[in-house]
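Numbering of the sequence shown is given in the working numbering, commencing with residue 25 and proceeding in unit increments.
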Amino acid sequence: MPSLLAINLEIGLGHPYYLDYVLQAIKIQNPRIPIKYLEVLSREKGLAQYFWRFSEKLYCFGAQGGLSTKFYNKFRASGKGHKLARFCLMNIKKEIADKHQVVLVSHPILAHNLNGDIWYIHGEIAAPPECACNVKKIVVPTEATKQKLINYGVKSDTVFVSGLVICPDLVISAEENFKTRLLRLNSDKPLTVGFFISGAYPKPHIQKIIEGIISVTKDNFRTIVFTGINQKKTRNFIAQLNQKQNLIFRPKSSIVFIQSKHRVDYQKRVTRLLPLLDIFVSASHEHTNWAVGLGIPMFVLFPMIGSYAIENYQFAKEQGVVYPISTIAEARNLAKVIKELHKSGILAQMAVRGWGKLPINGAYNTAQELIKILN
């Protein structure tokens with residue numbers, strides 16, 4: 025009987041979360057299955073660890089807009105990072121020397137450079153060329169995602185379409201939360217707006233988030249700001265917001281900040297509060313799944329940063345569940361736009377379009393496939 029080994033590359037939030045959700049679903053369905061869990065950033069040592077720490081810094085550098093983002097996008101598209109990573113996974117490779125195990129990985133850079141019975145959990149709707157991996161199985165959320173990988177040369181029978189990979193706790197209460205949200209959107213009651221800062225803390229997005237928060241708070245919307253797991257960057261963000269607010273009006277008590285030092289704890293806090301949101305503001309990364317699957321209208325931050333954002337946005341736009349925030353002026357006008365969309369019923373329509381069209385139990389479906397192998 026094979027064992028299960030999960031390997032996480034904890035750079036950013038999206039990729040690690042998808043693996044987390046599958047592991048959570050396995051524990052729910054069969055808690056007796058032993059899971060060995062490794063993190064690349066803590067497992068590799070010496071020059072190898074330096075490479076991964078540098079990769080983490082490069083990830084943040086590439087999210088700052090302008091020339092840095094252009095350079096980062098070209099570097100990712102070139103595949104040079106994958107080639108360098110091959111020499112910086114020595115300790116991890118020793119861990120998968122056992123042939124009698126299924127290995128789950130969270131990131132394409134791991135899928136490209138590890139051998140064995142590899143399952144790559146690709147939770148993104150987007151599928152740029154770097155995600156086309158020669159592995160045992162690639163788990164993807166939609167048929168459209170699968171087709172993109174096939175176009176890049178991936179064999180059809182190696183791609184498993186799971187449905188959207190969303191936190192199991194959110195899936196359990198999804199229908200009830202959607203119905204409650206729709207009632208609020210169809211009423212004239214004040215709405216609650218969520219703002220999500222990406223794991224790389226991109227400056228162009230943070231500027232728009234600050235202006236958006238000021239806009240909706242001045243108009244007495246309830247506001248929840250999810251600031252991530254980097255304590256230093258969170259403090260800097262709150263300082264920038266307070267400085268900007270003090271030039272215009274005194275900070276109001278309707279702003280709640282959600283943060284944590286650890287990814288798993290942060291995930292729990294987000295999961296607990298997400299049902300309270302009527303709309304949310306975010307980059308079009310992993311949170312896009314909420315707009316197309318859970319029926320939460322999404323305001324998307326521009327510019328598009330990274331190789332996934334534009335494809336995720338285009339998919340969500342085709343579903344009619346997103347609204348762009350392209351400029352600082354649009355962010356400053358956010359409250360007015362929300363009120364107009366609310367009054368006209370468009371926000372409610374966006375929620376309806378994002379519910380029931382796609383399966384949202386991708387974590388459970390993936391877990392079931394793995395349990396069949398592991399039992």
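Just so you know, even glycine gets a beta-carbon here, dropped at the ideal spot from N, CA and C.
Quiz item: What are the boundary residues of the alpha helix (DSSP H) that V316 is part of?
Solution: As a position in the sequence shown, residue 316 is number 292, starting the count at 1. Counting along the chain, the alpha helix (DSSP H) containing V316 begins and ends at 312–317.
Quiz item: Start and end of the alpha helix (DSSP H) containing F184?
Solution: To locate residue 184, count along the sequence shown from 1; it is residue 160. Here F184 belongs to no alpha helix (DSSP H); instead the beta strand (DSSP E) covers 183–185.
Quiz item: Can you check whether the CB of V345 is closer than 8 Å to the CB of A328?
Solution: For this step, residue 328 is matched to residue 304 along the sequence shown. For this step, residue 345 is matched to residue 321 along the sequence shown. Checking the displayed sequence, the identity of residue 328 turns out to be Met instead of Ala. No.
Practice problem: Drop a sphere of 10 angstroms on the beta-carbon of N266, count the other beta-carbons inside from all chains shown, and report buried for 16 or more, exposed for fewer. | Solution: Counting from 1 along the sequence shown, the entry for residue 266 is found at position 242. Per the 10 Å Cβ criterion, exposed.
Quiz item: Smallest Cα separation from L43: which of Y144, I133, R77?
Solution: By 1-based counting over the sequence shown, the position of residue 43 is 19. Per the Cα distances, Y144.
Self-check item: Where the alpha helix (DSSP H) containing T351 begins and where it ends
Solution: For the purposes of this step, residue 351 is taken as the residue at position 327 of the sequence shown. That residue, T351, is in no alpha helix (DSSP H); it is neither H nor E in DSSP.
Quiz item: Among G386, G140, I282, which residue has its Cα nearest to the Cα of K118?
Solution: As a working note, residue 118 is residue 94 in the sequence shown. If we check each option's Cα against that of K118, G140 comes out closest.
Self-check item: Whether N254 touches S130 by CB criterion (8 Å)
Solution: Position 230 of the sequence shown, counted from the first residue, corresponds to residue 254. Position 106 of the sequence shown, counted from the first residue, corresponds to residue 130. For N254 and S130, no; Cβs fall outside 8 Å.
Quiz item: What's the gap between the Cα of I320 and the Cα of M114?
Solution: On the sequence shown, position 296 is the one that residue 320 refers to. On the sequence shown, position 90 is the one that residue 114 refers to. One C-alpha to the other measures close to 42 Å.
Practice problem: Output yes or no for whether 8 Å exceeds the beta carbon distance between F184 and E335. | Solution: By one-based count along the sequence shown, residue 184 stands at place 160. By one-based count along the sequence shown, residue 335 stands at place 311. The answer is no: Cβ separation not under 8 Å.
Quiz item: Would a C-beta distance cut-off of 8 Å place V217 and I303 closer than the cut-off?
Solution: As a position in the sequence shown, residue 217 is number 193, starting the count at 1. As a position in the sequence shown, residue 303 is number 279, starting the count at 1. Yes.
Quiz item: Are at least three pairs of beta-carbons, each pair with one atom in the stretch 172–186 and one in the stretch 364–374, less than 8 Å apart?
Solution: no
Exercise. Taking V46 as part of the alpha helix (DSSP H), name the residues at either end of that continuous run.
Key: For the purposes of this step, residue 46 is identified with residue 22 of the sequence shown, where counting begins at 1. Note, V46: alpha helix (DSSP H), 38–53.
Exercise. Taking G386 as part of the alpha helix (DSSP H), name the residues at either end of that continuous run.
Key: Your numbering for residue 386 matches position 362 in the sequence shown. Residues 386–398.
Practice problem: Return the CA-CA distance between G70 and A224, expressed in angstroms with no decimal places. | Solution: One-based indexing of the sequence shown puts residue 70 at position 46. One-based indexing of the sequence shown puts residue 224 at position 200. Each residue's alpha carbon lies about 24 Å from the other.
Quiz item: Which of helix, strand or coil does DSSP assign to L28?
Solution: Taking the sequence shown and counting its residues from 1, the one referred to as residue 28 is at position 4. Here L28 sits in strand by DSSP.
Self-check item: Given V280 as reference, the closest of D289, S308, F219, K268 once Cα atoms are compared
Solution: The residue given as residue 280 occupies position 256 in the sequence shown. Nearest of D289, S308, F219, K268 to V280, Cα basis: F219.
Quiz prompt | Cα-Cα separation between H286 and R293, rounded to whole angstroms | solution = To locate residue 286, count along the sequence shown from 1; it is residue 262. To locate residue 293, count along the sequence shown from 1; it is residue 269. Each residue's Cα considered, the two are about 11 Å apart.
Practice problem: Spell out the partners DSSP gives I253 in its beta bridges. | Solution: The residue labelled residue 253 in the question sits at position 229 within the sequence shown. I253 pairs with nothing; no bridge assigned.
Quiz prompt | Length at least 3, wholly inside the stretch 167–209: the beta strand (DSSP E) runs in chain order | solution = 183–185
Quiz item: Going by Cα to Cα distance, which pick from L28, T204, K179, A333 is closest to N54?
Solution: By 1-based counting over the sequence shown, the position of residue 54 is 30. The option with the nearest alpha carbon to N54 is L28.
Self-check item: For K232 and L257, the rounded distance between their alpha carbons
Solution: Taking the first residue of the sequence shown as 1, we reach residue 257 at position 233. Taking the first residue of the sequence shown as 1, we reach residue 232 at position 208. Per the sequence shown, residue 257 should be read as Lys rather than Leu. Going by the C-alpha atoms only, they are around 16 Å apart.
Quiz item: In its own chain, which residues sit with a C-beta less than 6 Å from the C-beta of W314, not counting the 5 before and 5 after it?
Solution: One-based indexing of the sequence shown puts residue 314 at position 290. Result list for W314: I320, in chain order.
Exercise. Using a threshold of 8 Å, state whether the C-beta atoms of G378 and L318 are closer than that.
Key: Here residue 378 refers to the residue found at position 354 when the sequence shown is read from its first residue. Here residue 318 refers to the residue found at position 294 when the sequence shown is read from its first residue. Going by C-beta atoms, G378 is nearer than 8 Å to L318.
Self-check item: Inter-residue spacing [alpha-carbon to alpha-carbon] between I234 and R208
Solution: For the purposes of this step, residue 234 is taken as residue 210 along the sequence shown, with counting starting at 1. For the purposes of this step, residue 208 is taken as residue 184 along the sequence shown, with counting starting at 1. Rounded to whole angstroms, I234 to R208 spans 25 Å at the Cα level.
Quiz prompt | Pairwise C-alpha distance: L398 and H124 | solution = Working through the sequence shown from its first residue, we reach residue 124 at position 100. Working through the sequence shown from its first residue, we reach residue 398 at position 374. Approximately 10 Å between the Cα atoms of the pair.
Exercise. Consult DSSP for R56 and reduce its assignment to one of helix, strand or coil.
Key: The sequence position of residue 56 within the sequence shown is 32, counting from 1. It is coil, neither helix nor strand.
Practice problem: Can you tell me which of A150, I190, G38 puts its alpha carbon nearest to the alpha carbon of Q48? | Solution: If you number the sequence shown from 1, residue 48 lands on position 24. Among A150, I190, G38, the Cα nearest to that of Q48 is on I190.
Quiz item: Residues in its own chain within less than 7 Å of T166 by CB, not counting five upstream and five downstream?
Solution: Taking the sequence shown and counting its residues from 1, one reaches residue 166 at position 142. The residues are I149, V185, L382.
Quiz item: If we ignore side chains and look at the alpha-carbon of each, how far apart do E68 and P132 end up?
Solution: Here residue 68 is taken as the residue at index 44 of the sequence shown, counted from 1. Here residue 132 is taken as the residue at index 108 of the sequence shown, counted from 1. The alpha-carbon atoms of E68 and P132 are separated by roughly 18 Å.
Practice problem: Return the CA-CA distance between L297 and S284, expressed in angstroms with no decimal places. | Solution: Sequence index remark: in the sequence shown, residue 297 carries index 273 (1-based). Sequence index remark: in the sequence shown, residue 284 carries index 260 (1-based). Near 14 Å, if we compare the C-alpha coordinates of S284 and L297.
Quiz item: Between the C-alpha atoms of T390 and V163, what's the straight-line distance to the nearest angstrom?
Solution: As a working note, residue 390 is residue 366 in the sequence shown. As a working note, residue 163 is residue 139 in the sequence shown. Cα to Cα, T390 sits roughly 7 Å from V163.
Quiz item: According to DSSP, what are the bridge partners of V240?
Solution: Counted from its first residue, the sequence shown places residue 240 at position 216. Answer is none; V240 lacks a bridge partner.
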